[in-house]
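Numbering (UniProt numbering), first residue to last: 1 to 117.
This is the structure in structure tokens:
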């Protein structure tokens, strides 16, 4: 089931992402997150259980953007590609994930701002 099937869950995730990015895990309380999301405090444990589980849900979403296996699958050079073409594919795969994150208004909280290729 996607987060779009649970608008409150998505609302919490969207509010928590910039807060975690700005204040870090230890710098936030569940109460801070609930206030920013505009939800009742009891909805956070209902949807996520713990603050750690909420943080992990955010992390798991964004890590998929830079996960090596996913990136390497995307680049898939042909069997007869030159070594230079294969190397370009690897380098592109390495930078594509963070660049996609920087282009996403939500993802920018999780990467340092650097120019993309």
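The beta-carbon is built from N, C-alpha and C at its ideal position, and this holds for glycine as well.
As the structure is a prediction and not an experimental result, all values here were calculated from the model.
By the 10 Å Cβ neighbour count, where 16 or more other Cβ atoms means buried, how is residue i classified, buried or exposed?
{"i": "residue 83", "result": "exposed"}
{"i": "residue 62", "result": "buried"}
{"i": "residue 22", "result": "exposed"}
{"i": "residue 31", "result": "exposed"}
{"i": "residue 16", "result": "buried"}
{"i": "residue 87", "result": "exposed"}
{"i": "residue 47", "result": "buried"}
{"i": "residue 37", "result": "buried"}
{"i": "residue 2", "result": "Only weak support is given to the placement of residue 2: the predicted model assigns it a pLDDT of 48, under 50, and the value that follows is read from those uncertain coordinates. Result: exposed."}
{"i": "residue 103", "result": "exposed"}
Whose C-alpha, out of the options, is nearest the C-alpha of residue i?
{"i": "residue 55", "options": "39, 41, 42 and 33", "result": "33"}
{"i": "residue 101", "options": "85, 29 and 59", "result": "59"}
{"i": "residue 14", "options": "44, 95 and 89", "result": "44"}
{"i": "residue 53", "options": "98, 35, 89 and 9", "result": "9"}
{"i": "residue 106", "options": "18, 50, 7 and 96", "result": "18"}
Of all Cβ atoms in chain B, is any one closer than 8 Å to the Cβ of residue i?
{"i": "residue 28", "result": "Judged by its chain identifiers, the structure shown contains no chain B, having just a single protein chain."}
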